Every structure is written in C-alpha cells, then in structure tokens.
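A.B. asks: The structure that follows is given in the form of structure tokens.
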Amino acid sequence: AQSVSQHNHHVILSEAASLELGCNYSYGGTVNLFWYVQYPGQHLQLLLKYFSGDPLVKGIKGFEAEFIKSKFSFNLRKPSVQWSDTAEYFCAVNLLTGGGNKLTFGTGTQLKVEL
Amino acid sequence: KAGVTQTPRYLIKTRGQQVTLSCSPISGHRSVSWYQQTPGQGLQFLFEYFSETQRNKGNFPGRFSGRQFSNSRSEMNVSTLELGDSALYLCASSLKQGFEQYFGPGTRLTVT
C-alpha cells in the first residue's frame, strides 16, 4: 500500500541546534511533495513544496527540504531552530497519476525547542 | 484573500445523531478536500470535490458523505455518529490538481 513514513515522532532540540526530519514515501509514480506545520492551537500551514526542478527547495521561516528521487525521500532541514519552531511537522505526498488532489500524510513529528 | 473558513468550529453530538459541517474555500479554488485528524490515526483523507463532482474518495464508511455547490462551498455529512467519529475535521482548498492545499481551522467534533 502507498504510504508516507516519518522516522522521528518526537524531537527535542535546544535553540540554535540544527534540525533534520526524515520523510520517505512508497509511491512509484509522479508525486508532488509537501511539508506542513501545525503550531499549537493553529491550523495546518504550508512550509514548502516540491513539484519539479531543483531538488533543494526553500520554504518559509528558513526551512528547506531536499528531494532525493532514488531514495524516495524528502527530508526537512533548518540550520538553526528557534523556540518558535515548536510545532508538529507533517510530510505529505500527492500522487498525480490518480487524478485530483489526495494528500497522504505521514504520522507527524512533534518538535520541541528548548531555550 | 480570505483563507479557508469552516463552520462550526466546535460541535458536540450524541451517538446515533447526524452532523453537517461546512467549508468555504479560498476564492477561485474549485477543489475542496476533507480530512479527519485524530491522535491515533493522524490525518486521513476523506474525499475531494471538484466542480461539484466527487473526484477522490478515501477509505471511510458510507456514513461519511459530502457535496459541493456551484460556488465551490462544500459540506460533509456524517450520519449515525459513533464515538470513534470524534475528531478534528479539516477542509482544504486548492487551485488545481497537484497544487498545494490550504487548510481551514477545522471543526472539532465530539461524540458522546
């Protein structure tokens, strides 16, 4: 079955530490890839997206992600996290061959940044 | 542009009842998708509507249904509510197939 895996369920970092969250998917077809963030008490917000082209994409708030097609991975990175980055992060995949919009989400990674 | 809006924001229902949730997409977006978010199952796709037609459907029982109106507003209905239907129901809109989806704040449904 098609799936999206996020390897880290809970991550605790100190401010200024570097962040990398893993995401792997199992689709064989053409996909669009996304990272969404859910801050406490807020709704899901788009962090960044990959459709095609340069596999290194930059998003909001200093986040970036790298698409590695051979590894079916789309890992999220940030060089230096801030306390305000405390949130839940979701990787999501939209398989294009089926038509329409149907996001499959990973289970999410709860990030806590300590001062 | 105004974002995706959902009403009501909170709802408490009793087992066996039915409920209707409403979603207004971003102006110009014709694709509306619904998702269920629970602590145990995470975010799961319910269905997607485009131009008043259901284009995709997730693995949920027939008690879950939806529709879209000509102005792209969408409703979802859950009949014969069960305790396990307690969840945050999210609506998202998108401009085109494969494009990013923008999410609303959700409707928190509690079934007692």
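Chains H and U, in that order, are what the protein sequence lines are.
At the far end of the first sequence sits residue 115, using my numbering, and the numbering has no gaps.
At the far end of the second sequence sits residue 112, using my numbering, and the numbering has no gaps.
Backbone N, C-alpha and C define an ideal beta-carbon position, used for all residues, glycine too.
Just so we're clear, the structure is a prediction, and the values are computed from it rather than from any experiment.
1. So, serine 72 (chain U) versus proline 25 (chain U), is the Cβ gap smaller than 9 Å?
2. Exposed or buried, what is alanine 87 (chain H) when buried is set at 16 or more other beta-carbons lying within 10 Å of its beta-carbon?
3. By alpha-carbon positions, which one of U:Tyr102, U:Pro61, U:Val78 ends up nearest to leucine 11 (chain U)?
4. Quick one: what does DSSP say lysine 1 (chain U) is sitting in, helix, strand or coil?
5. By DSSP's criteria, isoleucine 12 (chain H) is part of a beta bridge. Which residues make up the other side?
6. Am I right that glycine 108 (chain H) and tyrosine 89 (chain H) are in contact with their C-beta atoms under 8 Å? What's the rounded C-beta distance?
7. So glycine 66 (chain U) contacts chain H; which residues on that side make the cut at Cβ distance below 7 Å?
8. Based on DSSP bridge pairs, tell me the residues matched to arginine 108 (chain U).
9. Along the region 53-85 of chain U, where does the CB come closer than 8 Å to a CB of chain H? Name the residues.
10. Grab the span of the beta strand (DSSP E) containing asparagine 77 (chain U) for me, first residue to last.
11. Starting from asparagine 32 (chain H), find everything on chain U with Cβ-Cβ shorter than 7 Å and list it in chain order.
12. Which of helix, strand or coil does DSSP assign to leucine 46 (chain H)?
13. So what does DSSP say about leucine 81 (chain U), is it helix, strand or coil?
14. Counting beta carbon pairs with one atom in the region 83-95 of chain U and one in the region 25-34 of chain U, are three or more of them shorter than 8 Å?
15. When the Cα of valine 111 (chain U) is compared with those of U:Gln6, U:Lys96, U:Gln18, which residue comes out closest?
16. So which residues of chain H does glycine 28 (chain U) contact, with C-beta pairs closer than 8 Å?
C.D. replies: Quick answer:
1. Working through the second sequence from its first residue, we reach residue 72 (chain U) at position 72. Working through the second sequence from its first residue, we reach residue 25 (chain U) at position 25. Going by C-beta atoms, serine 72 (chain U) is nearer than 9 Å to proline 25 (chain U).
2. On the first sequence, position 87 is the one that residue 87 (chain H) refers to. So alanine 87 (chain H) counts as buried.
3. Locating residue 11 (chain U) in the second sequence gives position 11, where the first residue counts as 1. For the residues U:Tyr102, U:Pro61, U:Val78, the minimum Cα distance to leucine 11 (chain U) belongs to U:Val78.
4. If you number the second sequence from 1, residue 1 (chain U) lands on position 1. Note: lysine 1 (chain U) maps to coil in three-state DSSP.
5. Sequence index remark: in the first sequence, residue 12 (chain H) carries index 12 (1-based). In the DSSP output, where bridge partners are listed per residue, isoleucine 12 (chain H) has H:Lys112.
6. Taking the first residue of the first sequence as 1, we reach residue 108 (chain H) at position 108. Taking the first residue of the first sequence as 1, we reach residue 89 (chain H) at position 89. Sure, about 7 Å apart at Cβ, within 8 Å.
7. Sequence index remark: in the second sequence, residue 66 (chain U) carries index 66 (1-based). What glycine 66 (chain U) touches in chain H: nothing, since even the nearest Cβ is about 14 Å away.
8. Taking the second sequence and counting its residues from 1, the one referred to as residue 108 (chain U) is at position 108. U:Tyr10, U:Leu88.
9. Arg55, Asn56, Gly58
10. Working through the second sequence from its first residue, we reach residue 77 (chain U) at position 77. It spans 74-78 - the beta strand (DSSP E) in which asparagine 77 (chain U) sits, taken as one unbroken run.
11. Taking the first residue of the first sequence as position 1, residue 32 (chain H) is located at position 32. Correct list: Gly98.
12. On the first sequence, position 46 is the one that residue 46 (chain H) refers to. The answer is strand: DSSP assigns leucine 46 (chain H) an E or B state.
13. As a working mapping, residue 81 (chain U) is identified with position 81 in the second sequence. If DSSP states are grouped into helix, strand and coil, leucine 81 (chain U) belongs with coil.
14. The region 25-34 of chain U, when compared against the region 83-95 of chain U, does touch it at the 8 Å Cβ threshold.
15. If you number the second sequence from 1, residue 111 (chain U) lands on position 111. Here the closest residue by C-alpha is U:Gln18.
16. As a working mapping, residue 28 (chain U) is identified with position 28 in the second sequence. Going along chain H, no residue has its Cβ under 8 Å from glycine 28 (chain U), so there is no contact; the nearest lies around 15 Å.
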